[in-house]
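Novice:
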Amino acid sequence: MIENNINIKTSNPVNDGILNKPKIKTEQMLPFDVVDPTRVTKPSKQDPSNQTGQNLFNYNPDSVFEKFIKSLQNAPVLAEGARKLLLNKPFINQNIMNDPVLKGLFESFLSSIEMNDIEILNFLKFQQENFTKFNGEFFDSLRSLLKSDSQNADFKSVLKNFLKSYDCFVSVEKTNDSISSSLKNIEHNLPEMLKKPFSEMADKLIFDSAKSSDINLSILKNEIVPFLGRYISKMNDFGPVRDYISVLIHNMVRLEGAGKDYFADDLDNLLEYVRFNFDVDEKYMENLKMSLVNTYESATNVKNNSVDLFIRLIEAGTKESNNLVGKGVMEDVTESLLFNQNVHIPLTHMFLPVNYNGMFMFSELWIGKEYEEVPNKKKKPEYQQTYKVFITFDIQKLGYFETTLVLRESGLALDIYVPGALSPHIEKIKNDLNTLLNGNNLNVKKMEVRECVRKRKFNEVFSNLTERKIGVDVTI
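For what it's worth, numbering that gives the first Met the number 0 labels the leading residue of the sequence shown as 0, then goes sequentially.
1. Out of T174, L308, G238, which has the shortest C-alpha to C-alpha gap to K102?
2. Around the C-beta of I17, are 16 or more other C-beta atoms found within 10 angstroms, so that it is buried, or is it exposed?
3. Taking DSSP as the reference, what is the three-state secondary structure of D32?
4. Could you tell me which whole beta strand (DSSP E) segments of length 3 or greater appear in the stretch 329-400?
5. Between L346 and S362, which are expected to be in contact by the criterion C-beta below 8 Å, what is the C-beta distance as a whole number of angstroms?
6. Roughly how far, in whole angstroms, is the beta-carbon of F338 from the beta-carbon of A74, given that I think they are within contact range, below 8 Å?
7. Helix, strand or coil, according to DSSP, for F461 in the structure here?
8. Quick one: what does DSSP say V443 is sitting in, helix, strand or coil?
9. Under a Cβ-count criterion, where at least 16 other Cβ atoms within 10 Å of its own Cβ denotes burial, should I117 be classed as buried or exposed?
10. With a threshold of 16 other CB atoms inside 10 Å of the CB of S462, please say whether the residue is buried or exposed.
11. With DSSP as the reference, identify every bridge partner of V417, one or two as the case may be.
12. Roughly how many whole angstroms lie between the Cα atoms of K456 and Y165?
13. DSSP has R407 in a bridge; who is on the other side?
14. Name the one or two DSSP bridge partners that E113 has.
15. Identify which residue in H187, S179, V328, C451 has its Cα closest to the Cα of L84.
16. Reducing DSSP to helix, strand and coil, say where T294 ends up.
17. Where does T174 fall in DSSP's three states?
18. Sorted by chain position, which residues of the same chain lie with C-beta nearer than 8 Å to A420's C-beta, five sequence neighbours on each side aside?
19. Quick check on DSSP: helix, strand or coil for T317?
20. Can you give me the Cβ contacts of D148 inside the same chain, cut-off strictly under 7 Å, excluding the 5 residues immediately before and after it?
21. Starting from the C-beta of S320, find all residues in its chain whose C-beta is less than 8 Å away, skip the five residues before and the five after it, and write them out in chain order.
22. Determine whether the beta carbon atoms of K194 and E186 lie at a separation below 8 Å.
23. Does the distance from the C-beta atom of D414 to that of E447 stay below 8 Å?
24. Would DSSP call T131 helix, strand or coil?
25. Who are T402's beta bridge partners in DSSP?
26. Would you give the residue range spanned by the alpha helix (DSSP H) that F237 belongs to?
27. Give me, in chain order, the residues of the same chain whose beta-carbon lies closer than 8 Å to that of S177; leave out the 5 immediate sequence neighbours on both sides.
28. Tell me the residue span of the alpha helix (DSSP H) that contains L86.
29. Closer than 8 Å is the cut-off here; do at least three beta carbon pairs connect the stretch 125-141 with the stretch 272-290?
30. From what residue to what residue does the alpha helix (DSSP H) around G258 run?
31. Comparing alpha-carbon positions, which option in R407, E369, V417 lies nearest I390?
32. Are the CB atoms of P239 and N322 within a distance shorter than 8 Å?
33. Does the separation of the CB atoms of L312 and F108 fall below 8 Å?
34. State buried or exposed for F237, treating a residue as buried only when at least 16 other CB atoms are found within 10 Å of its CB.
Structure follows, in structure tokens:
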């Protein structure tokens, strides 16, 4: 017969004092306490321009997108750093012209941005055409095929695999640079006794040839990564070394994906799919193959003197200059450039430093598409494509301008902000703009010209950047 009593013994000693404590009477415990209304936490007043308010308790508050949205508020503005480089003479004289590293690069950069109307247009076209690697005749053909059968999931899968391989294949040089930088940062943060053996392994890598990828991958997989794995397992290092190792592994994967065999296989799969699933002939296939060769060659030879000199100036300012003030400005410009091309920003961004007729100017252009729902009672809701452009101008001796341009079907809406010095001439500006736009057959449905009293960031103009996931606001 099974006993009803089951005894469980524990090795933890029982404190008799706990057993002897007086028990609280049940009737003394109230199911709910009365809350003093004066002590209830009230929601803080939110600034309408604050995109991150009331967003403390999201479903996934640690997501990359949430951190990106919050960082929009504090990110450096490219125009502020560029203004100091172009328009602030005291800053230039004290922090640029007195720096032997920056002086020559700065003077070369200034001479490169002396542009006329045609050169300004070509500079903007260069940025638009090289905004992504997937530009050119070949990718235009792929876009046409995708539009002709937009619901084809199999073609999208084949195309996605090819784009990944192409991205890795044409980025070997940049991937090697990132691997080299990660290794240097890892070595800098390792204990002194481990720096020498780690440096000896890292010195075996060859970064001056694309053909050395297989050798580098072998050294990384068989020597460097196992060495770092043993270090982490024994030292439990949760500092910057682990972060740099994560970046290193990411770039190792990209380097392996850049192999010619991977790229050739994905290209063959793409071409064979197009050949047998679309209504194309052999001539089309030959033209498609040649367009890929031409696209690749043109992409590898693309250069722009002004952009190259600007990047060299910023890089020298952050790494080689000893001027702390100038270094801080260059670091802000670097951060804002990287931030402006963030993968979470679905906008085309272009910037224009220029010396036009002896007058310096810096301008930024943000171009985005938005889809507005058109109400329709009888059919499913339709969506109307709208283009929005946000343009800023900071002109020497004149001031700061802002323009928001919205193109909806054939109608154009303009919202223009001018410097305070031009506020007495607002009506004349408005009339002149109407004459100019109507003379170019543009249908202006709305135009507002006002004085600029506050500079806006692009995320204040493009509302679709901060669409948040469904969350629960638990504040009282």
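Don't be surprised by glycine CBs; every beta carbon is placed ideally from N, CA and C.
Specialist: On the basis of the supplied data:
1. L308
2. Caution applies to I17, whose pLDDT of 45 falls short of 50 and renders its modelled position unreliable; the model cannot decide the point.
3. Any reading at D32 needs caution, since the residue's pLDDT is 45, under 50, leaving its predicted position unreliable; the model's value is listed next. DSSP places D32 in coil when its eight states are reduced to three.
4. 347-355, 358-373, 381-394
5. Wrong, their Cβ atoms sit about 15 Å apart, outside the cutoff.
6. 5 Å
7. Here F461 sits in coil by DSSP.
8. strand
9. exposed
10. Classification for S462: exposed.
11. E450
12. If you take the alpha carbons of K456 and Y165, they lie about 34 Å apart.
13. T385, G410
14. The partner list for E113 (beta bridge, DSSP) reads N354.
15. V328
16. helix
17. Reduced to three states, the DSSP call for T174 is helix.
18. L397, G398
19. helix
20. Only F154 meet the Cβ criterion.
21. Beyond the five residues adjoining it in sequence on each side, S320 comes within less than 8 Å, by CB distance, of D98, V100, L101, K326, M329 in the same chain, given in chain order.
22. yes
23. yes
24. Three-state result, T131: coil.
25. I390, I415
26. For F237, no alpha helix (DSSP H) segment is defined, and its DSSP state is neither H nor E.
27. V246, N250
28. Neither: L86 is in no alpha helix (DSSP H) and is coded neither H nor E.
29. yes
30. Note, G258: premise wrong, no alpha helix (DSSP H); not H, not E.
31. When only C-alpha atoms are compared, the closest one is V417.
32. No, these two residues do not count as a Cβ contact at 8 Å.
33. yes
34. Note on F237: under 16 other CB atoms within 10 angstroms of its CB, so exposed under the neighbour-count rule.
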